[in-house]
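Q: Count the sequence shown with the UniProt record's numbering and you get residues 1 to 397, in order.
Below you'll find the structure I mean.
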Amino acid sequence: MFTVIRNGHLFAPEDMGKVDILICAGKIIHIGALINVSGLPLETKIIAADNMYVVPGFIDQHVHIAGGGGEAGPASRTPEIKLHQLTTNGITTVVGLLGVDGVSRSVAGLLAKARGLEQEGISTYIYTGAYEIPTRTFTDSLRSDLVLIDKVIGCGEIAISDHRSAQPTLEMLAKLGAEARVGGILSGKAGIVHVHVGEGKKGLQLLFDVINNTDLPITQFNPTHTNRLDRLFYQAIDYALKGGYIDLTAGINPRDDGPRVLHVVQAVKYLIDAKVNLKQITVSSDGNGSLPHFDSAGNMESISVGSVEVLWKDVRELIKQNILSFPEAISLITCNVAALLKLAGKGKVKVGYDADLVLLDKDLNIDTVIAGGKVMVQCGQALEKGYFKEAAFQTTS
Ligand code: ZN
Numbered sequence: 001m002f003t004v005i006r007n008g009h010l011f012a013p014e015d016m017g018k019v020d021i022l023i024c025a026g027k028i029i030h031i032g033a034l035i036n037v038s039g040l041p042l043e044t045k046i047i048a049a050d051n052m053y054v055v056p057g058f059i060d061q062h063v064h065i066a067g068g069g070g071e072a073g074p075a076s077r078t079p080e081i082k083l084h085q086l087t088t089n090g091i092t093t094v095v096g097l098l099g100v101d102g103v104s105r106s107v108a109g110l111l112a113k114a115r116g117l118e119q120e121g122i123s124t125y126i127y128t129g130a131y132e133i134p135t136r137t138f139t140d141s142l143r144s145d146l147v148l149i150d151k152v153i154g155c156g157e158i159a160i161s162d163h164r165s166a167q168p169t170l171e172m173l174a175k176l177g178a179e180a181r182v183g184g185i186l187s188g189k190a191g192i193v194h195v196h197v198g199e200g201k202k203g204l205q206l207l208f209d210v211i212n213n214t215d216l217p218i219t220q221f222n223p224t225h226t227n228r229l230d231r232l233f234y235q236a237i238d239y240a241l242k243g244g245y246i247d248l249t250a251g252i253n254p255r256d257d258g259p260r261v262l263h264v265v266q267a268v269k270y271l272i273d274a275k276v277n278l279k280q281i282t283v284s285s286d287g288n289g290s291l292p293h294f295d296s297a298g299n300m301e302s303i304s305v306g307s308v309e310v311l312w313k314d315v316r317e318l319i320k321q322n323i324l325s326f327p328e329a330i331s332l333i334t335c336n337v338a339a340l341l342k343l344a345g346k347g348k349v350k351v352g353y354d355a356d357l358v359l360l361d362k363d364l365n366i367d368t369v370i371a372g373g374k375v376m377v378q379c380g381q382a383l384e385k386g387y388f389k390e391a392a393f394q395t396t397s
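Listed below in structure tokens is the structure:
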């Protein structure tokens, strides 16, 4: 079957104006003005997009798809994500990862969840590892994981500057980076080390030390949560100016009684002022991760669960507040992520690429989501709800 997205305003992310997009077998096979469907050899589904913007499906590179957390004990382990939670928020490609808990959560469980989501219709990858170093792997090494396990595209989230980290030294992080680098080269993957940066005293200093004292390139490490503290963010600007990629976490909102944090909008304003190349900036959600707050003595004050909905909520504000152009804003969660992670066929609306698309109404609400050519969301409602759909419990008698 063919599908035509008819007369939408395409941001691919570059502005392509009003076009038709022809989809077949999960791929974009033609983009042009007024495609004549009568000449097509198979049944054709038409999706009218006259008053819509069409953009690439979003890529969220930091989601605890198999759950995370546990900082307040076992009852605070966060739940697995469901398919529709991702798709209704425009996410058609997700990178799953473990966090602080690499004991009761496993890379095997993470891989199984990623495979399940893929079976349900979206694209998935994973980072091997968890907060700690030596980290959690499938095989005897990170290098082998990258070479042998298709879905593994890097390592993470490895924690630094955090009381929950392994308190890694320069040597520990350098060795991990070296494993990731060679594994990435041998497998033809990005081999990125995705680095969780906490609220610790030294911020990104350990990353700078590794870069300055080894032959690893700065692009080997991708620090995230960089907007969680202002003093950390100033280091992150420096990191980006030196050529590194930095990731911002959506959903971080300043609190009167908390440390000085930066919302994505504020962080991007600073990055523009510092003349950082915006291609080196990505945004992720930390969805389904735990969001614990600790006091200055390290005691936990409160804990909640992150949601992937903050990804588009924050990025669309960049457009609404005229901070970035439409293409620049969309790039933060599409082609920039695909380039960093070397995701072939992802991040753009282009002939030969996967048919992962989001249709936005004029107020930038998510209306329709297409993953691999299949309509997953229509009028903001999930058509596909995954294997068990709504939780239904039956008792046998
Ligand atoms: Zn984290």
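The beta carbon of each residue, even a glycine, is placed where N, CA and C say it ideally should be.
Between the segment 152-163 and the segment 127-138, do three or more beta carbon pairs fall short of 8 Å?
A: Cβ pair count under 8 Å is three or more, so yes.
Q: Throw me the rounded Cβ distance for the tryptophan 312 and asparagine 51 pair, which I believe falls under 8 Å.
A: Wrong, their Cβ atoms sit about 19 Å apart, outside the cutoff.
Q: Is any heavy atom of the ligand ZN found at a distance shorter than 8 Å from the C-beta of aspartate 361?
A: False, no ligand heavy atom lies under 8 Å from that Cβ.
Q: For the alpha helix (DSSP H) holding cysteine 379, just list the boundary residues, first then last.
A: Note, cysteine 379: premise wrong, no alpha helix (DSSP H); not H, not E.
Q: In the DSSP assignment, the beta strand (DSSP E) including valine 55 goes from what residue to what residue?
A: Note, valine 55: beta strand (DSSP E), 53-56.
Q: Give me whichever residues DSSP pairs with tyrosine 127 in a beta bridge.
A: Partner(s): Gly154.
Q: Measuring only from the beta carbon, is alanine 329 closer than 8 Å to any heavy atom that is part of the ligand ZN?
A: No - the ligand ZN has no heavy atom lying nearer than 8 Å to the Cβ of alanine 329.
Q: Can you check which of these residues, Lys269, Phe221, Asp215 and Val193, is closest to asparagine 227 by C-alpha distance?
A: Nearest of Lys269, Phe221, Asp215 and Val193 to asparagine 227, Cα basis: Lys269.
Q: Any heavy atom of the ligand ZN closer than 8 Å to the Cβ of alanine 355?
A: Because no heavy atom of the ligand ZN lies under 8 Å away, the Cβ of alanine 355 does not count as near it: no.
Q: For alanine 12, does the count of other Cβ atoms within 10 angstroms reach 16, so buried, or fall short, so exposed?
A: Result: buried.
Q: On the premise that glycine 386 lies in contact with glutamate 120, defined as a C-beta separation below 8 Å, what is that separation, rounded to the nearest angstrom?
A: Yes, they are in contact, since the Cβ atoms of glutamate 120 and glycine 386 sit about 5 Å apart, within 8 Å.
Q: Determine the burial state of histidine 163: buried for a count of at least 16 other Cβ atoms within 10 Å of its Cβ, exposed for fewer.
A: Histidine 163 comes out exposed.
Q: Rounding to the nearest angstrom, what Cα-Cα distance links leucine 207 and phenylalanine 221 in this structure?
A: C-alpha separation (whole angstroms): 8 Å.
Q: Measure the Cβ-Cβ separation of alanine 289 and histidine 62 and say whether it is below 9 Å.
A: The residue asked about is misnamed: residue 289 is glycine in this sequence, not alanine. Yes, these two residues count as a Cβ contact at 9 Å.
Q: For histidine 62, is the beta carbon positioned less than 8 Å from some heavy atom of the ligand ZN?
A: Yes, the ligand ZN has a heavy atom inside 8 Å of this Cβ.
Q: I think leucine 173 touches valine 210, with their Cβ atoms under 8 Å apart; what is that distance to the nearest whole Å?
A: Right, the Cβ-Cβ distance comes to about 5 Å (below 8 Å), so this counts as a contact.
Q: When the Cα atoms are used, what is the spatial distance from histidine 225 to glycine 102?
A: Cα-Cα distance, rounded: 20 Å.
Q: Based on the DSSP output, what are the partners of serine 307 in its beta bridges?
A: Answer is none; serine 307 lacks a bridge partner.
Q: Look up alanine 371 in the DSSP assignment and give the residues it is bridged to.
A: Lys374, per the DSSP bridge assignment.
Q: What whole-angstrom Cβ distance do leucine 341 and isoleucine 192 have, given they're in contact under 8 Å?
A: With a Cβ gap of about 6 Å, leucine 341 and isoleucine 192 count as contacting.
Q: Would the beta-carbon of leucine 359 fall within 9 Å of that of isoleucine 47?
A: Yes, the pair counts as a contact, with Cβ atoms nearer than the cut-off.
Q: Below 9 Å between beta carbons: does that hold for isoleucine 333 and isoleucine 59?
A: Yes, the Cβ-Cβ distance between isoleucine 333 and isoleucine 59 is below 9 Å.
Q: Return yes when at least one heavy atom of the ligand NAP lies under 8 Å from the C-beta of glycine 352, else no.
A: The ligand NAP is absent from the structure shown, which contains only the ligand ZN.
Q: Using DSSP with H/G/I as helix, E/B as strand and the rest coil, what is lysine 113?
A: In the structure shown, lysine 113 sits in a helix (DSSP, three-state: H, G or I).
Q: Quick one: residues in its chain with C-beta nearer than 7 Å to the C-beta of lysine 374, no 5 flanking neighbours on either side, listed in chain order?
A: Correct list, in chain order: Gly121.
Q: Excluding sequence positions up to five away, which residues of its chain have a Cβ less than 6 Å from the Cβ of threonine 3?
A: For threonine 3, where only same-chain residues beyond five positions count, the Cβ hits under 6 Å are Ile23 and Lys45.
Q: Would you call phenylalanine 388 buried or exposed, if buried means 16 or more other Cβ atoms sit within 10 Å of its Cβ?
A: That one is exposed.
Q: Which residues in the same chain have their Cβ closer than 8 Å to the Cβ of proline 79, if we skip the five residues on either side of it in sequence?
A: Counting only Cβ-Cβ distances below 8 Å, and skipping sequence neighbours, we find Gly67, Asn288 and Val305.
Q: Once DSSP output is grouped into helix, strand and coil, what is the label at serine 397?
A: Unreliable positioning characterises serine 397 in this predicted model, as indicated by a pLDDT of 47, which lies under 50. A coordinate reading is not provided.
Q: Once the 5 residues before and after histidine 9 are set aside, which same chain residues still bring their CB inside 6 Å of it?
A: Excluding residues within five positions, the ones whose Cβ falls inside 6 Å are Lys18 and Tyr53.
Q: Is glutamine 321 helix, strand or coil by DSSP?
A: The answer is coil: DSSP assigns glutamine 321 none of H, G, I, E or B.
Q: Given a cut-off of 9 Å on the beta-carbon distance, is the pair alanine 236 and isoleucine 246 in contact?
A: Yes, Cβ-Cβ distance for alanine 236 and isoleucine 246 is below 9 Å.
Q: For serine 397, which residues of its own chain have a beta-carbon under 6 Å away from its beta-carbon, when the five flanking residues on both sides are left out?
A: Because the pLDDT of serine 397 is 47, which lies under 50, any placement of that residue in the model is unreliable, and the question is left without a value.
Q: Any idea what DSSP makes of phenylalanine 221, helix, strand or coil?
A: Three-state DSSP puts phenylalanine 221 in a strand.
Q: Is DSSP giving glycine 258 helix, strand or coil here?
A: Coil.
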